[in-house]
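Q: Okay, so the sequence shown: first residue is 1 according to full-length UniProt numbering, each after it adds one. Backbone N, C-alpha and C define an ideal beta-carbon position, used for all residues, glycine too. Keep in mind that this is a model prediction, so the values were computed, not measured. I am attaching a structure below and will ask some questions about it afterwards.
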Amino acid sequence: MEQQHTVGPLELLARSGGRDLKAWLTEQYGNAPGDDLEYDGCLHEAAQAGDMETLQALVQNESYRVHVHTKATWSRGFLPCTPLRVASTAGRSHCVRLLLAAGARVDDLDVKGQTALHVAVVNGWLECVRILLCAGAAPDGSPHHNSSPLHHACREGRDDILSELIRYGAEIDLAFSRSMPACLSSSPLYTSATYRHLSCFQKLLQAGADPNQSGQSHAGTSERSHCLLVDTLRLGCHLPFQQLLVDFGADLTLLPWDELEEHDHQGKAMDDSVCYLRQVKANPRTLASLSRLTIRRALGRGRLSRIPCLNLPPPIHLFLLFESA
């Protein structure tokens, strides 16, 4: 029997985008003829070891400098990648800076479709992340990889890295899996709630993430569509998660109140949250809360970072940004 061909995610992406997979792979991973034979991997070795003295000497030598973009398999590596990707994986921030100054392309991909920024985020190297973003790295990584740097930061609770990604324009409502239909569980907010990272959850909302995200929890299921507020209850998130969603304008009319009645006595965390939501439903928002939400909506997500430029007293700036003095 003929073996069935399995189509990988990269091929699906290439096909759906109308791109020729072979041409794309050749463009990304195909070095010039003879490169692998002529290059001894010294740039990769120095980048991995963080040997600045050796790396600086190498990039000043034209015969090595031309290999700053070379995707090679080297003695400690199994997949073809650039020296910049190696340095970013190992957290060698000084080497990252030096390679960029030597002309390394900041968004070159490895065979998994990962950028240097992506692997720096995955490995938790904040300084490398800052250097790469400052050099113009795409904050959302590559569409050829099935995840984004922002989702990794949310999953690991790295609110410091998340802040940098947001500052450089990362898409805060980007679906986790770019090759699958969008669903509620693919959002960064849902990821933060799933792993109980309240600080990441709050930073996303402060940056303008939609508190009224709704849809099926998982793609391809027949379950009824519901909202993020409901899912924080189903996930067992503690009261501060629901309080943040309400503060940032969650629509309580989206809640299935009849179902919430069935969740009574499902544990203290659930009881506290449901009790809080009932109290909020019974009392209208304050004028201050309505004013803040109205101003933020009028500004739009793209201009929230400019709130400190408004001709208003600093305490009002902090109030609009949901920040404390």
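What ranges does the alpha helix (DSSP H) occupy inside the region 193–260, keeping only unbroken runs of at least 4 residues that lie completely in it?
A: With a minimum length of 4 residues, the continuous alpha helix (DSSP H) runs that stay inside the region 193–260 are 198–206, 228–234 and 239–247.
Q: I'd like to know whether the C-beta of Ala102 is nearer than 9 Å to at least one C-beta of chain D.
A: Although the question refers to chain D, the structure presented lacks it and comprises just one protein chain.
Q: Could you spell out where the alpha helix (DSSP H) holding Ile131 opens and where it closes?
A: Position 131 of the sequence shown, counted from the start, is the residue given in the question as residue 131. Ile131 -> alpha helix (DSSP H) spans Leu126 to Cys134.
Q: Could you check whether Val59 and Cys81 sit closer than 9 Å to each other, using their CB atoms as the reference points?
A: Working through the sequence shown from its first residue, we reach residue 81 at position 81. Working through the sequence shown from its first residue, we reach residue 59 at position 59. Contact flag unset, no.
Q: Please state whether the Cβ-Cβ distance between Pro211 and Ala250 is less than 9 Å.
A: Start at 1 with the first residue of the sequence shown, and residue 211 comes out as number 211. Start at 1 with the first residue of the sequence shown, and residue 250 comes out as number 250. Contact flag set, yes.
Q: Could you give the first and the last residue of the continuous alpha helix (DSSP H) run that contains Val121?
A: Your numbering for residue 121 matches position 121 in the sequence shown. Here the alpha helix (DSSP H) through Val121 covers Ala116 to Val122.
Q: On a Cα-Cα basis, can you pick out the residue from Thr232, Pro240 and Asp159 that is closest to Ala207?
A: Along the sequence shown, read from residue 1 onward, the residue named residue 207 stands at position 207. With distances taken between Cα atoms, Ala207 lies closest to Asp159.
Q: Write down the C-beta distance between Leu320 and Arg297 rounded to the nearest angstrom, noting that I regard them as a contact closer than 8 Å.
A: Within the sequence shown, numbered from 1, the residue matching residue 320 stands at position 320. Within the sequence shown, numbered from 1, the residue matching residue 297 stands at position 297. Incorrect: roughly 11 Å between the Cβ atoms, too far for contact.
Q: Quick check on residue 343: does DSSP put it in helix, strand or coil?
A: In the structure displayed, the chain extends from 1 to 325; residue 343 sits before or after that span and is not available.
Q: Is DSSP giving Ala325 helix, strand or coil here?
A: As a position in the sequence shown, residue 325 is number 325, starting the count at 1. Ala325: coil per DSSP, three-state reduction.
Q: What residue ranges within the region 29–103 form continuous alpha helix (DSSP H) runs of no fewer than 4 residues, ordered along the chain?
A: Within the region 29–103, the complete alpha helix (DSSP H) runs of at least 4 residues are 35–38, 42–49, 52–59, 62–65, 83–90 and 93–101.
Q: Can the beta-carbon of Cys128 be found less than 9 Å from the beta-carbon of Ala116?
A: To locate residue 128, count along the sequence shown from 1; it is residue 128. To locate residue 116, count along the sequence shown from 1; it is residue 116. Contact flag set, yes.
Q: Which one of Glu171, Gly136 and Tyr276 has the shortest CA to CA distance from Ser147?
A: Translated into the one-based positions of the sequence shown, residue 147 becomes position 147. Here the closest residue by C-alpha is Glu171.
Q: Three-state secondary structure (DSSP) at Ala170?
A: Translated into the one-based positions of the sequence shown, residue 170 becomes position 170. Residue state, collapsed to three classes: coil.
Q: Would Thr89 and Asn123 qualify as a contact pair, given that the criterion is a beta-carbon distance under 9 Å?
A: In the sequence shown, residue 89 corresponds to position 89, counting from 1. In the sequence shown, residue 123 corresponds to position 123, counting from 1. It is a contact, given that the beta carbons lie within the stated cut-off.
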